[in-house]
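Input: a single structure, listed below in C-alpha cells.
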Amino acid sequence: MDLSFSKEELAFRDEVRSFFRDNLPPAIREKIVEGHHVSKEDLVTWSRILNKKGWGVPHWPVAHGGTGWSPVQQYIFLEELQATPAPSPLAFGVNMVGPVIYTFGNEEQKKYYLPRIANLDDWWCQGFSEPGSGSDLASLKTSAKRKGDVYVINGQKTWTTLAQYADWIFCLCRTDPSAKKQSGISFILVDMKSRGITVRPIQTIDGGREVNEVFFDDVEVPVTNLVGEENKGWDYAKFLLGNERTNIARVGMSKERIRRIKELASQVMAGDRPVIEDPRFRERLAATEIELKALELTQMRVVANESKNGKGKPDPASSILKIKGSEIQQTITELLLDVIGPFGAPYAPEQDDGGNELADWTTTIAPGYFNYRKVSIYGGSNEIQRNIIAKAVLGL
81 MDLSFSKEEL AFRDEVRSFF RDNLPPAIRE KIVEGHHVSK EDLVTWSRIL NKKGWGVPHW
141 PVAHGGTGWS PVQQYIFLEE LQATPAPSPL AFGVNMVGPV IYTFGNEEQK KYYLPRIANL
201 DDWWCQGFSE PGSGSDLASL KTSAKRKGDV YVINGQKTWT TLAQYADWIF CLCRTDPSAK
261 KQSGISFILV DMKSRGITVR PIQTIDGGRE VNEVFFDDVE VPVTNLVGEE NKGWDYAKFL
321 LGNERTNIAR VGMSKERIRR IKELASQVMA GDRPVIEDPR FRERLAATEI ELKALELTQM
381 RVVANESKNG KGKPDPASSI LKIKGSEIQQ TITELLLDVI GPFGAPYAPE QDDGGNELAD
441 WTTTIAPGYF NYRKVSIYGG SNEIQRNIIA KAVLGL
C-alpha cells in the first residue's frame, strides 16, 4: 500500500497551510499554543472565516455546502487545522447534528438548520447522557409525551458540554415507554430558550466549567422539531456516534504539542542545563514521537481504505486510532508537566514573589493534564474500543 501523497495532494496541503497561515487571527492561534481555551466569540469568528472560504463543513455533501473533497484531502485539511494550530469547528453542529439532519431530516429542516450550522449562527450542544445512562445510553429516562402539536419533555441530561453557550440542544427522548428500550426513543431538536430549561454548571477536576447538567420541566417543543420518524432515534444516535468517533486520534494536534514541548524544553533549565538535554526526558520524548509516527501511518491506512472502498460502516480499525490517539495525548500532557517541574503547581498571581518567571504560560499546563484524563473515556471508552477490536478485527 502506497501511503505517500500525490503531487496534487501535496499542492492541496500547501494551499490549506497557506490559507490557515494568512487568515487565522494571530491572537486566536496564540491562545491555543499556550493552552488557553478559545472563547465563543473566537470560535464564531474562525468558523465564519472558514465558511466564507467554503470550508466550513468540508466533509458534508456538496448539495449541503460541502467541498467534494476526497477522504485524503479531508485528512490533510484536518491535520493542518490541528497542526497550525487553529480551532476545530464546533463538533456538536458540524460533525453530529448536521449530518443527522441532512441524512434523516425533512427538507424544511435541512433548508433552515444546515446553513446556520455551517456559519455557526446557532451554537448546538448534545443531550444524550443522563445520570445512570452513560455507557448504557438506551436506558435513558427523559420523556417526550405528545400533546397535540407539541411534545412535553421532562427529565435531565448531564455532562452536556458547553450548554451554557448553546442556542439549541439535540436530545434523545423516550416517546414510547412501552417499547423495548432501544425502540422507544426519538431524536428531537430543542430551543434552549424554551421555558422550563435550567442549565447548571459542573466543575471539573481542572477547575473548569465546560460541562453542565440540563433539566427539562414541562418543556414544550413543536412536533415539527422531530427528526426523522418517531421512535427511530436510536438508529440516528448510532449514526451520530459513528461520526463523533471519527478523527479522534488528533495526529495533527499531537504533532503541534510535540513541537511546543521541544521549544519549551529548550528554554527551561533543570539544574545547569536545559530540560531537553536530560537523557531520560529525551528518551521519553523520542518514544512518544515514534508512537505518534506509527499512529499517523495507521490512520493513513484507514484513510486509504476509505478512499478505495468508499464510505460505509465505520472501519473497526478506527478503534485502534482512538485508543492510541488518546494515550499519546495524555502522555504529551505528562511531558509538559515534566518540562515545567515545580511550576506546574497551582499559581495565584497575588502570591507571586517573583520566583515564577514562567508564570504567563505555565498556569495552563497542570489544568490541561487533568482535563485530558477524559480523552480515554469520551467517544467510547478505551475499554469498549478494545472489545470492538477483539470482536471485529481479531475475531475473538
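For the sequence shown, the numbering used here gives the first residue as 81, with consecutive numbering after it. Backbone N, C-alpha and C fix where the C-beta goes; we use that ideal spot for every residue, glycine too. Please read all numbers here as calculations on a predicted model, not as lab measurements.
Item to check | Proximity of Leu306 and Ile268 at Cβ, strictly below 8 Å | outcome: yes
Next on the checklist: Quick check: the region 209–220 against the region 183–195, are at least 3 beta-carbon pairs closer than 8 Å?
Outcome noted: no
Item to check | Classification of Pro257 by the beta-carbon crowding that lies within 10 angstroms, buried from 16 upward | outcome: exposed
Item to check | Ala425 versus Leu321: straight-line alpha-carbon distance, rounded | outcome: 37 Å
Item to check | the region 161–173 / the region 116–134 touching (three or more Cβ pairs under 8 Å) | outcome: yes
Checklist entry - Whose C-alpha, out of Val174, Glu210, Phe208, is nearest the C-alpha of Tyr193? => result Val174
Checklist entry - Nearest-angstrom Cα distance between Pro429 and Met380? => result Summary for Pro429: the model assigns pLDDT 49, below 50, so the residue's position carries little reliability; its value from the coordinates is reported in the next sentence. Cα to Cα, Pro429 sits roughly 45 Å from Met380.
Item to check | Inter-residue spacing [alpha-carbon to alpha-carbon] between Trp239 and Arg353 | outcome: 44 Å
Checklist entry - If you pair each beta-carbon of the region 357–372 with each one of the region 408–424, do three or more pairs fall below 8 Å? => result yes
Checklist entry - Which whole-angstrom value is the C-beta distance of Gly448 and Lys402, which I expect to be below 8 Å? => result The Cβ separation is near 20 Å, so there is no contact.
Item to check | Opening and closing residue of the alpha helix (DSSP H) in which Pro151 lies | outcome: 151–163
Checklist entry - What does DSSP give as the partner residues of Val299 in its beta bridges? => result Ile233
Item to check | First and last residue of the uninterrupted alpha helix (DSSP H) at Ser127 | outcome: 120–133
Checklist entry - Thinking just about the alpha-carbon of each residue, which of Val455, Ile408, Glu95 is nearest to the one in Ser334? => result Ile408
Checklist entry - Within 10 angstroms of its Cβ, does Ala143 collect 16 or more other Cβ (buried), or is it exposed? => result exposed
Checklist entry - Are the CB atoms of Ala345 and Ile356 nearer to each other than 8 Å? => result yes
Item to check | Residue span of the beta strand (DSSP E) that contains Ile277, given as start and end | outcome: 277–282
Next on the checklist: In whole angstroms, give me the CA-to-CA distance for Ile445 and Val291.
Outcome noted: 20 Å
Next on the checklist: Give me the residue from Pro281, Asn311, Arg275, Ile282 with the minimum Cα distance to Ala259.
Outcome noted: Asn311
Checklist entry - Got a sec? Which residues, its chain only, sit under 6 Å from Cys251 by beta carbon, not counting five neighbours each side? => result Gly207, Ile268, Val270
Item to check | Closest residue to Ala166 among Gly264, Val113, Phe92 (Cα-Cα distance) | outcome: Val113
Next on the checklist: At the level of alpha carbons, what is the spacing between Ile285 and Arg109?
Outcome noted: 25 Å
Checklist entry - CB-CB under 7 Å to Gly276, same chain, minus the five flanking residues each way: which ones, in chain order? => result Phe296, Asp297, Asp298, Val299
Checklist entry - CA-CA distance, Ala91 and Asn103? => result 18 Å
Checklist entry - To which residues does DSSP link Val294 through a beta bridge? => result Lys237, Val279
Checklist entry - How about Gly136 and Asn199: do their beta carbons lie closer than 8 Å? => result yes
Checklist entry - For Trp314, which option in Ser263, Glu463, Arg196, Asn234 has the closest C-alpha, if you only look at C-alpha atoms? => result Ser263
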